[in-house]
Structure formats: C-alpha cells, structure tokens
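Remarks on the structure that follows.
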Amino acid sequence: YEKYGYVTAFNEDVPNIGTFSYRLNGFDEQPTDHYMRTYYLAIEAYLSYYKRLCIGAKPRHKVMLDYTQDFMASYHPSKPRFVFSFHGELSHDSINLVGVADTDLTNWLVELKKSGVLNSTILVLMSDHGNRFAEVRNTLQGKQEERLPFFSFTFPDWFKAHYKEQYENFRQNLDRLVTPFDIHETLQDILTLQTLKAKQKPAVSRAISLFDTIPQNRSCADAYIEPHWCACLNWQTINDTTSSEEVFRSAKTIVDTINHHTERHRGICELLSLDEIRWAARLQPHEGLVRFKQNRDTDGFVGDFSSDAIRVPHDMYQVKLVTNPSKAIYEASVLHDRANNRYRVKLGDISRINKYGEQANCIYDRDPEMRKFCYCKDDN
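If you're matching positions, the sequence shown starts at 107 in this note's numbering and goes up one per residue.
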C-alpha cells in the first residue's frame with residue numbers, strides 16, 4: 107500500500123506477543139509511517155501504577171481506538187490511508203473481558219460515521235481466533251471459535267454504486283467458505299480497482315478475492331484447508347476409546363511425533379509418554395459424497411447417488427490426549443493409511459490446548475517453536 111501512495115499505520119497493544127515478534131525477531135526498521143509498538147514498549151514500565159486495564163483515567167483499549175481515529179482524521183480525505191490496529195489485551199487471556207469494550211467500540215463506530223471518515227474508508231472489523239487454552243476450548247463451541255474468526259466489511263455508498271459487480275459478488279459470498287488468503291487477495295484487489303490495472307491471476311491459486319465469486323460448494327480441500335482445521339467436516343465421536351486399536355495407535359503417533367521433534371533437545375526436554383486419551387473421533391465422509399456416481403442431467407445440477415459406497419483408502423482420526431510428565435493436553439488429526447496400516451500426523455496439526463506456563467522456559471529463546479512440546483527437565 108505504501109508503494110501506491112498510502113500513508114500507513116500498524117498498531118498492536120501487547121508487544122511480547124505481536125504478529126512479528128512472538129517467536130520472530132520483528133523488524134530492523136519501522137515498517138510503517140505510524141507505529142505504536144514504541145509507545146507500548148515504553149508504557150509497560152508504568153502500567154503497575156495505574157488501575158487494571160487503564161492508563162491514567164482512560165481504558166487501554168480506548169487508547170488504540172482514539173489513536174486509530176486520530177490517524178484517519180489527520181489526513182485529507184483525498185490522501186489514501188491504510189491502518190491495521192489489533193487490540194489483544196482484553197481477549198487474549200479471557201473470554202469474558204472483551205465485553206468491557208462494547209460501549210466504547212459502539213461509540214467509536216458511531217463517531218467514525220458522523221465524522222464522515224467512513225465516506226472514504228473500507229472498514230474491516232475482525233476478531234482473532236478463539237481462545238486456545240481456556241476450558242471453553244474443550245467444548246465444540248470452543249473448537250469452532252478457534253477455527254472461525256469474525257469478519258465484517260463496511261463499504262461507502264459510492265463504492266457500492268461505482269463497483270456494482272464487485273459489490274454484488276461480495277454480497278453473494280456471504281456464508282461461503284473463506285480463508286485469510288482470500289482476505290489478502292481482496293486487499294490486493296482494492297489496489298487493482300483503484301489503479302484500473304488488469305488483475306494478474308496465477309493458473310492455480312489458493313486465494314479468491316471476495317470481489318470475485320467464491321463457489322457455493324467450495325470445500326476445505328478446494329481452499330487448501332487441512333482436515334484438522336476444517337470446520338465443515340463430519341466427525342463421528344468414538345465413545346469407547348480404550349478398546350479401539352486405531353485410537354490408541356493414533357494417540358501414540360502423536361506422542362511419538364512430539365518426541366521425535368524434541369529429540370535434538372533431549373538434554374533439556376523430557377521424553378513424553380501417553381497418560382490418557384480423553385476424546386476421539388473419526389472423520390465420517392458425507393453419505394452423498396461416498397455414493398456419488400455421476401451427474402444425472404447435462405447441466406450438472408442433479409446428482410446420481412446410486413453407486414455403492416466407495417472404499418476410502420485413508421481414515422482420519424482426531425484425538426485429544428494428556429501426556430506425562432507435563433500433563434499437557436494435545437489435540438491432533440492423524441491420517442491412517444489402510445493399505446500399509448501406517449499412521450501419520452503433521453507437527454503443525456498438533457494443537458496444545460492448555461497453557462504451558464513456565465514448563466518451557468529452557469527452550470523459550472533457543473527454539474521458540476518447541477515451547478508447546480518441550481517439558482524442561484531442570485525447571486519442573
């Protein structure tokens with residue numbers, strides 16, 4: 107956006123878990139024209155003097171809201187502006203505190219509209235993923251929230267009139283499967299619309315702009331979403347996890363995979379063992395999918411489901427387990443290859459769903475990616 111003449115701002119309120127600083131090294135140089143990281147680093151030393159969630163008499167979330175509004179109002183409407191503001195303090199460690207900001211957020215939105223800022227602004231209001239460590243994560247609701255962040259777009263009236271086709275496509279894409287890659291493509295598309303340049307589309311892409319048509323039947327596979335992160339699948343709960351060999355081997359594969367990846371740090375990281383299996387489910391393909399034979403009409407609208415159920419060469423299991431000695435709770439999706447009776451899991455598909463706290467202090471700086479897997483020998 108800066109290359110296209112935009113004045114830019116990037117704001118995050120919790121520096122130690124920032125997008126580019128958590129597990130990463132941040133930037134060598136300030137990445138945008140306006141950058142709140144320096145402010146939030148400086149204010150940390152004084153937070154203990156103020157009431158919780160406040161800076162002086164002002165709620166901390168309002169500091170960012172006001173800064174964002176001031177940024178938008180400080181430039182002439184003809185000057186293009188791009189700002190990304192992300193407030194995490196209220197919601198990161200609690201599922202209840204975020205409501206504290208409701209009234210201030212409402213007033214902020216009303217003021218943006220009254221001031222005329224929204225006449226020249228596409229406003230995107232979004233959430234992060236749901237809580238990954240709270241007790242609610244153990245519920246179906248919690249699992250869905252982890253995978254389904256909230257997104258809303260507000261467009262100026264003139265945009266809807268001037269870009270009728272794009273806006274109509276956008277409206278049709280409501281309630282269709284969308285990924286962060288699609289959001290990125292949409293942001294790129296906004297620049298294309300303004301410069302009147304033809305879009306250069308790769309032959310194969312995992313991203314579809316929201317200004318284009320997203321297929322109504324788009325699947326997780328179409329969108330390159332791994333089964334573990336897909337919220338559209340039909341998981342059949344396995345009630346008796348103790349007598350299922352498939353579940354046990356899936357659980358063992360998860361623990362073995364973790365141990366394999368911490369092997370190079372065995373001098374400081376304990377070898378984990380399986381303590382218990384708390385829950386398991388098997389991916390159940392939809393009946394229509396496994397019995398689909400062909401299209402019954404030339405237009406492809408009517409399906410012929412007369413086929414015998416196809417033999418699925420792979421099974422997918424999702425398992426929640428506890429390890430010793432860390433008492434870590436992990437959840438992962440494991441692929442069972444029926445042909446050779448092998449089980450596989452990707453490290454990236456293993457989620458730790460309770461806090462590791464100080465268990466991983468010894469690995470914190472040495473190998474940050476291992477924090478959710480390493481149980482330090484010396485510190486625990």
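Even for Gly, the Cβ is constructed at its ideal location relative to N, Cα and C. Note that the structure is predicted; figures quoted are calculated from it, not measured.
Length of the line joining the Cα atoms of residue i and residue j
i	j	result
ASP199	HIS167	15 Å
CYS338	SER325	8 Å
SER226	TYR107	16 Å
TYR181	GLN175	11 Å
TYR156	HIS268	49 Å
SER356	SER127	34 Å
HIS539	ARG372	Any question about residue 539 goes unanswered here, given that the chain covers just 107 to 486.
GLU464	ARG458	14 Å
VAL361	PRO419	24 Å
MET274	THR260	Reading off the sequence, residue 274 comes out as Glu, not Met. When rounded, the distance between both Cα atoms is 14 Å.
VAL242	GLY248	5 Å
HIS235	SER432	25 Å
ARG388	THR359	15 Å
THR347	PHE354	8 Å
Neighbourhood of residue i by C-beta, 6 Å cutoff - its chain only, sequence neighbours within 5 removed
i	result
GLU369	none
THR144	none
LYS426	ARG384, TRP385, GLU437
SER379	ASN430
LYS478	ARG458, TYR462
Rounded Cβ spacing between residue i and residue j (contact assumed at less than 8 Å)
i	j	result
GLN390	PHE317	That pair is no contact at about 35 Å.
ASP210	ILE374	Between ILE374 and ASP210 the Cβ distance is about 45 Å, and since that is not below 8 Å, they are no contact.
ILE320	ARG282	5 Å
LEU441	THR363	Rounded, the Cβ-Cβ distance is 12 Å, inconsistent with contact.
TYR423	GLU351	About 11 Å separates the two Cβ atoms, so there is no contact after all.
Residues that DSSP places opposite residue i in a beta bridge
i	result
GLU135	Its beta-bridge partners do not exist; DSSP assigns none.
ARG355	Bridge partners of ARG355: none, in fact.
ILE383	LEU427
PHE257	MET232
CYS160	PRO165
THR174	DSSP, once it has assigned bridges, lists no residue as partnering THR174.
ASP443	HIS420, ARG448
Cβ-based neighbour list, residue i, same chain, cut-off 8 Å, excluding 5 preceding and 5 following
i	result
GLU195	ASP119, VAL120, LEU159, ARG166, HIS167
LEU299	TYR269, GLN272, PHE317
ASP403	Note on ASP403: pLDDT 40, under 50, position unreliable in the model; no value is reported.
GLU251	HIS235, GLY236, ASN237, VAL242
GLN322	ARG282
THR125	GLU118, PHE192
Other residues of its chain near residue i: CB distance less than 7 Å, five sequence neighbours each side excluded
i	result
CYS336	CYS326
ALA179	SER221, VAL223
HIS392	Because the pLDDT at HIS392 is just 48, under 50, the model does not fix this residue reliably, and the point stays unresolved.
GLU332	ASP455
TYR330	ARG312
GLU291	ALA313, ILE314, SER315
LYS266	TYR273
Heavy atom of the ligand HEM within 8 Å of residue i beta-carbon
i	result
LEU378	Although the ligand HEM was asked about, the structure shown includes no ligands whatsoever.
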